[in-house]
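Engineer: One structure is given below, represented as structure tokens, and several questions about it will come after.
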């Protein structure tokens, strides 16, 4: 399997999802602006997302995917399918209880996440509507882990697009209908989340059926007891403990930051939400794509004790991150007003909202490479079924991040939150990398010095072009000419990309250097 080709496919499909997400957020910004109701929706949506990251894409995937890959490598497909059925049965029973508890406990959850909301009541209603989303996403995560293990990466990669399709469709059709009936229009977004979640769950079933891995869930108590005693389930549960603690650290940080944002003032949660969307663009395009591709490959390399292949895949991933993320970080630092303007400065989203969102975007730019690198460095530990080391590092980083919040937030407001996260991510990635080097698990391959000089030259040219475009054009003033503004942004970004790659190639970089098979 060509890892570069596979990662590129996943990245392109992730790009489709991110573009759909930007369309979604542009529509939301134009209809609602940065208002009390959009703050309420963002907090309500973060609650099931928090649980999704804790259980579905977090602790569960980190424990499930390496074991699944190792089981298939050692015991074959039949034993792996039995493991899938047992895990799906236990997961389904747990999710039913979690969803019921979440709906009942919505007021407490909203208070914990955003007690300073101006529209606390609307957030509670939307949390109750959207909490079952965690159940759908957990089953989607299980299906995605299975498909990735069978090297069917495309179907899971395109799945997130369907969430945005659901929200866009419900916003387009539901907002006018709710207004006509005297109801709160923002509730259309909550309905869209559930529609999108259902679409995602149904989308993967045909692919699972094609490989004979559609999970058979047992709904009887006897089936649950049998699944519970499957040795693979027990191993996953043992691994999920440390993994859950590790993922919880990041989510506790998110919870604290959201709580702080609700007390900064109306609009802060929404500014941060749009900032996250733009930050997730480069994170998803490469970081998530590499993590998805590398985790099962690293786990398989560990299972067959291929230390050289394991280290080589890590080196390849880190070089790709450095090559692609550094110019993106420069864009967030130098060019944020243009990016925010062209995407969100319509309808009820004001010039003030643009400047506030751009401020927090610069904070993420400081540590973007650390944020993305975590998507490769953390799986390097998970593939070895070492959950404890990333947890210990993450706990220390959480303390440091909140200490930085005490310093930055009083001075920088909501932008201090993103700066603290970015610096914490740099610290986290740096510590994980240092541990891998010290353990001898990762040995950098020759050529990093020359590669670094090429990166320096290419990024210097990219920074110069971005700075000229950022200072010479009145991006906010072009609101009355949206097509012209879009054209200037497109021209600038294409010019930066061509100049960057041109300099890198002129300095000796060859695309074939990044072709790798796994």
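In my numbering, the protein residues as written are 5 to 522.
For each residue, glycine too, the CB sits at the ideal point set by N, CA and C.
Could you pull out every residue in the same chain whose Cβ sits closer than 8 Å to the Cβ of residue 200, ignoring the five residues on either side in sequence?
Structural biologist: Correct list, in chain order: 166, 167, 168, 169, 170, 171.
Engineer: Taking 9 Å as the cut-off, decide whether the C-beta atoms of residue 4 and residue 412 are in contact.
Structural biologist: No answer is possible for residue 4: it lies beyond the span of the chain, which begins at 5 and ends at 522.
Engineer: Can you list, in chain order, the residues of its chain whose CB lies under 6 Å from that of residue 99, leaving out five sequence neighbours each side?
Structural biologist: Hits under 6 Å: 139, 142.
Engineer: According to DSSP, is residue 37 part of a helix, a strand, or is it coil?
Structural biologist: Correct three-state label for residue 37: coil.
Engineer: Whole angstroms is fine: what's the gap from residue 315's alpha carbon to residue 72's?
Structural biologist: Taking the straight line joining both Cα atoms gives about 21 Å.
Engineer: Assuming residue 276 contacts residue 116 under a Cβ cut-off of 8 Å, what Cβ separation, rounded to an integer in Å, is found between them?
Structural biologist: At roughly 17 Å, the Cβ-Cβ gap does not stay under 8 Å, so residue 276 and residue 116 are not in contact.
Engineer: Tell me, please, whether the region 337-357 touches the region 19-31 by the rule of three or more beta-carbon pairs shorter than 8 Å.
Structural biologist: Yes, the region 337-357 touches the region 19-31.
Engineer: Restricting to Cα atoms, I'd like to know which of 313, 327, 358, 362 is closest to residue 337.
Structural biologist: It is 362 whose Cα lies nearest to the Cα of residue 337.
Engineer: Give the secondary structure of residue 488 by DSSP, where H, G and I count as helix, E and B as strand, and everything else as coil.
Structural biologist: Residue state, collapsed to three classes: helix.
Engineer: Identify which residue in 212, 93, 478, 320 has its Cα closest to the Cα of residue 359.
Structural biologist: Considering only alpha carbons, the answer is 478.
Engineer: Roughly how many angstroms lie between the CA atoms of residue 370 and residue 420, to the nearest whole one?
Structural biologist: Near 12 Å, if we compare the C-alpha coordinates of residue 420 and residue 370.
Engineer: When the Cα atoms are used, what is the spatial distance from residue 504 to residue 456?
Structural biologist: In a straight line, the C-alpha of residue 504 is about 14 Å away from that of residue 456.
Engineer: Measure the C-alpha to C-alpha separation of residue 388 and residue 449 and round it to an integer number of angstroms.
Structural biologist: Whole-angstrom Cα-Cα distance: 21 Å.
Engineer: Our contact map puts residue 279 next to residue 47 with C-beta atoms below 8 Å; I'd like the distance itself, whole angstroms only.
Structural biologist: Rounded, the Cβ-Cβ distance is 15 Å, inconsistent with contact.
Engineer: Tell me, to the nearest whole angstrom, how far the beta carbon of residue 365 is from that of residue 282; I am working on the premise that it is less than 8 Å.
Structural biologist: At roughly 6 Å, the Cβ-Cβ gap stays under 8 Å, so residue 365 and residue 282 are in contact.
Engineer: Do the CB positions of residue 217 and residue 176 come within less than 9 Å of each other?
Structural biologist: Not a contact, by the Cβ cut-off of 9 Å.
Engineer: What are the boundary residues of the alpha helix (DSSP H) that residue 174 is part of?
Structural biologist: Counting along the chain, the alpha helix (DSSP H) containing residue 174 begins and ends at 164-184.
Engineer: Taking the Cβ atom as the reference point for each residue, do residue 383 and residue 439 lie within a distance shorter than 9 Å?
Structural biologist: For residue 383 and residue 439, no; Cβs fall outside 9 Å.
Engineer: Mapping DSSP to helix, strand and coil, what is residue 123?
Structural biologist: Three-state DSSP puts residue 123 in coil, outside helix and strand.
Engineer: Any chance you could list the beta strand (DSSP E) runs of at least 3 consecutive residues sitting entirely within the region 462-510, in chain order?
Structural biologist: Here no run is fully enclosed.
Engineer: Taking Cβ positions only, does residue 282 come closer than 9 Å to chain B?
Structural biologist: Given the protein chain composition of this structure (a single chain), no chain B is represented.
Engineer: Just verifying my parser: in three-state terms, what is the DSSP assignment at residue 154?
Structural biologist: Residue 154: coil per DSSP, three-state reduction.
Engineer: Please report the straight-line C-alpha distance between residue 460 and residue 333, rounded to a whole angstrom.
Structural biologist: The straight-line gap from Cα to Cα measures roughly 13 Å.
Engineer: Can you look up residue 422 in the DSSP assignment and give me helix, strand or coil?
Structural biologist: Looking at residue 422 - three-state DSSP - the assignment turns out to be helix.
Engineer: Report the residue from 26, 410, 220, 135 whose alpha carbon sits nearest the alpha carbon of residue 102.
Structural biologist: Considering only alpha carbons, the answer is 135.
Engineer: Please classify residue 449: does DSSP put it in a helix, a strand, or coil?
Structural biologist: The answer is coil: DSSP assigns residue 449 none of H, G, I, E or B.
Engineer: Between the region 107-126 and the region 179-187, do three or more beta carbon pairs fall short of 8 Å?
Structural biologist: Contact fails: fewer than three Cβ-Cβ distances are below 8 Å.
Engineer: What does a CB cutoff of less than 7 Å around residue 286 pick up in its chain, not counting 5 residues either side in sequence?
Structural biologist: Counting only Cβ-Cβ distances below 7 Å, and skipping sequence neighbours, we find 329, 332, 372, 376.
Engineer: Let me confirm a value: residue 475 is counted as buried when at least 16 other C-beta atoms fall within 10 Å, else exposed. Which label applies?
Structural biologist: Exposed, because fewer than 16 other Cβ atoms sit within 10 Å of the Cβ of residue 475.
Engineer: Could you tell me the alpha carbon to alpha carbon distance between residue 433 and residue 378, rounded to whole angstroms?
Structural biologist: The alpha-carbon atoms of residue 433 and residue 378 are separated by roughly 6 Å.
Engineer: Rounded to the nearest angstrom, what separates residue 224 and residue 232 at their Cα positions?
Structural biologist: Roughly 12 Å between the two C-alpha positions.
Engineer: Pick out whichever of 36, 427, 310, 501 has its Cα sitting closest to the Cα of residue 179.
Structural biologist: Considering only alpha carbons, the answer is 36.
Engineer: Return the CA-CA distance between residue 497 and residue 462, expressed in angstroms with no decimal places.
Structural biologist: So the two alpha carbons sit approximately 14 Å from each other.
Engineer: Checking 9 Å against the spacing of the C-beta atoms, do residue 49 and residue 193 come in under that value?
Structural biologist: Yes, the pair counts as a contact, with Cβ atoms nearer than the cut-off.
Engineer: Am I right that residue 380 and residue 322 are in contact with their C-beta atoms under 8 Å? What's the rounded C-beta distance?
Structural biologist: So it is a contact: roughly 6 Å between Cβ atoms.
Engineer: Pick out whichever of 320, 43, 490 has its Cα sitting closest to the Cα of residue 446.
Structural biologist: Of the listed residues, the one whose Cα sits closest to residue 446 is 320.
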